[in-house]
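Chemist: I'd like to ask some things about the structure below.
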């Protein structure tokens, strides 16, 4: 929600009913207490209408002088799914800020990525969200710091570094301003305590229930490339390429959250690592909103009912996802995994973290662009596609991350040799996190469509799918889920 779209009556009703579905969508602030909360805050006293203010972001509430509620921990709720849906400048900016661009490159770096001036960007975010990019990034750093303070025994200097603060003084000042407590007091009052053992840091990743972990982990399991990913039992593990080094992430469901254990080469990469994991598992999704739209289609309602918590897996690295999509053209999933494993072994970077199964991160675009792929085991035309794709990414003419313009990226992908509509759409769906991509030419989609009485004609299915906006990516996964076995990813 934005400043202009916040409906006071609707928001207040959500607060009165303590409706957790709105957590992360907006912030509730109370003038008489100076506190901001999530809509579902369990406090027994409901604030009077005249004392309530609603804000689209925690940063906006902080700028207005409010501090976070110690009871409901509003900053710990899953992120707003609105930023995943929106493909405009504000949505792209919010996704890039979440990725840590402002912390690494400043507001100037963010503006350059979006091809706008810093002034225009600040004015736009302030108008829509009630806070500029620096304030939004500051709120993100504050929440990361709070998580580490309350759930680990890391020294505060390490917490400050991991959260992205430039100095311990800045860290101390921000924590006091946002939470009205010193870091020491915040740690003492923290109810949860994790562990930092042998360089491994364990955090809780919240999500909006329900979450269909069997389906999600199954999807990831059959796509796990040896050397960079592994799925064992209920746990999914993989390597991450981060701005300052590599990491290994171990993910598994525990009660109402995902337990995320990270081994980082650089603690400064913590925020980026968490964002990659959340993006991969689609943890900021609002499954109830998705189900509400898709269930209106009587043909789709029956299958949605079976998988109400189905997620749309993203990607930890856009280049990796795109290269694997090309490797998967016209071959089985097993063959695609084998090809990707060869590429990783020959051209991937060896990580410094000791692990018998996870040894590399996926090759950089520049390495693939310059590599001799004659022994990879793919046709010459496929090698040409891989080289063209990698060259475009390495040269900066193609950006494959959540902050990229989706329509522009799709068209740039189509312009590359060997990439058609299916491959381009699949890359935009997962690498850019587009929740509204549909792949009507996909064989699995056409089979599932025929079973549902939609016919097997791609055009007819596509026209019918217009009713599933803005969640056609989730509809795609629902249709795939009806197939046994899961369809191979090939164009």
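Numbering (this note's numbering), first residue to last: 816 to 1306. C-beta atoms are modelled at their ideal positions from N, C-alpha and C, and glycine is treated no differently.
#1: Is the CB-CB distance between residue 831 and residue 1090 below 8 Å?
#2: Suppose you measure from the CA of residue 1126 to the CA of residue 1137; what does that come to, to the nearest Å?
#3: Excluding five sequence neighbours on each side, which residues of the same chain lie with their C-beta closer than 8 Å to the C-beta of residue 916?
#4: For residue 1145, is the classification buried or exposed, using 16 other Cβ atoms within 10 angstroms of its Cβ as the cut-off for buried?
#5: How should residue 869 be labelled, buried or exposed, when 16 other C-beta atoms within 10 angstroms of its C-beta is the threshold for buried?
#6: Does the Cβ-Cβ distance between residue 1154 and residue 1075 come in under 8 Å?
#7: Between the Cα of residue 946 and those of 1202, 912, 1117, 975, spot the shortest distance and give me the residue it belongs to.
#8: Are the beta-carbon atoms belonging to residue 878 and residue 950 less than 8 Å from one another?
#9: Could you tell me whether the Cβ atoms of residue 1151 and residue 1139 are closer together than 8 Å?
#10: Kindly indicate which three-state DSSP category residue 895 falls into: helix, strand or coil?
#11: Which residue from 833, 891, 1175, 1169 puts its Cα closest to that of residue 1072?
#12: Do we get a CB-CB distance below 8 Å when we pair residue 1136 with the residues of chain C?
#13: Please state whether DSSP places residue 1092 in a helix, a strand or coil.
#14: Compute the distance between the beta-carbons of residue 1221 and residue 902, then report whether it is under 8 Å.
#15: Could you compute how far the alpha carbon of residue 833 sits from the alpha carbon of residue 1100?
#16: State buried or exposed for residue 1171, treating a residue as buried only when at least 16 other CB atoms are found within 10 Å of its CB.
#17: Which residues mark the beginning and the end of the beta strand (DSSP E) in which residue 868 is found?
#18: Can you check the segment 1060 to 1131 for any alpha helix (DSSP H) of at least 4 residues that lies completely inside it and give the ranges in chain order?
#19: Considering only C-alpha positions, which residue in the set 935, 899, 1023 is nearest to residue 1070?
#20: Let me confirm a value: residue 872 is counted as buried when at least 16 other C-beta atoms fall within 10 Å, else exposed. Which label applies?
#21: Assign residue 1054 to one of three DSSP states: helix, strand, or coil.
#22: According to DSSP, simplified to helix, strand and coil, what is residue 837?
#23: Which residue comes first and which comes last in the beta strand (DSSP E) that contains residue 1045?
#24: For residue 1298 and residue 1273, which I take to be in contact (beta-carbon distance under 8 Å), what is that distance rounded to the nearest angstrom?
#25: For residue 1254, which residues in the same chain have their Cβ closer than 7 Å to its Cβ, ignoring the five residues on either side in sequence?
#26: Taking contact to mean 3 or more Cβ pairs, one atom from each stretch, closer than 8 Å, check whether the segment 1103 to 1117 and the segment 1198 to 1205 are in contact.
#27: Note down the Cα distance separating residue 1009 from residue 1096, rounded to an integer number of angstroms.
#28: Quick test of the definition: if touching needs 3 or more C-beta pairs under 8 Å, does the segment 1077 to 1086 touch the segment 1166 to 1180?
#29: Can you tell me whether residue 1189 is buried or exposed, with buried defined as 16 or more other CB within 10 angstroms of its CB?
#30: What does the Cβ neighbour count give for residue 1210, buried or exposed, with the cut at 16 atoms within 10 Å?
#31: The alpha helix (DSSP H) that contains residue 1193, what's its start and end?
#32: Counting beta carbon pairs with one atom in the segment 1051 to 1069 and one in the segment 987 to 997, are three or more of them shorter than 8 Å?
#33: For residue 883, list the residues DSSP reports as bridge partners.
#34: Using DSSP bridges, identify the partner residues of residue 1164.
#35: Need the endpoints of the beta strand (DSSP E) that residue 844 sits in, please.
#36: On the premise that residue 1123 lies in contact with residue 1025, defined as a C-beta separation below 8 Å, what is that separation, rounded to the nearest angstrom?
Modeler: Reading off the structure:
#1: no
#2: In a straight line, the C-alpha of residue 1126 is about 20 Å away from that of residue 1137.
#3: 924, 925, 928, 1218
#4: exposed
#5: buried
#6: no
#7: 912
#8: yes
#9: In this structure, residue 1139 lies closer than 8 Å to residue 1151 by Cβ.
#10: coil
#11: The candidate whose alpha carbon is nearest that of residue 1072 is 891.
#12: As a matter of chain content, chain C is missing from the structure shown, which is built from one protein chain.
#13: helix
#14: yes
#15: 20 Å
#16: By the 10 Å Cβ count, residue 1171 comes out exposed.
#17: 867 to 870
#18: 1085 to 1096, 1102 to 1109, 1113 to 1121
#19: 1023
#20: buried
#21: strand
#22: helix
#23: 1044 to 1047
#24: So it is not a contact: roughly 16 Å between Cβ atoms.
#25: 1237, 1240, 1241, 1260, 1291
#26: no
#27: Because the pLDDT at residue 1009 is just 49, under 50, the model does not fix this residue reliably, and the value given afterwards should be weighed accordingly. Whole-angstrom Cα-Cα distance: 21 Å.
#28: Touching, per the Cβ criterion.
#29: exposed
#30: Residue environment: residue 1210 is assigned as exposed (fewer than 16 neighbouring CB atoms within 10 Å of its CB, all protein chains considered).
#31: Premise fails: residue 1193 is in no alpha helix (DSSP H) and is neither H nor E.
#32: Touching, no.
#33: 851
#34: Residue pairing from DSSP places residue 1164 in a beta bridge opposite 1176.
#35: 842 to 845
#36: 5 Å
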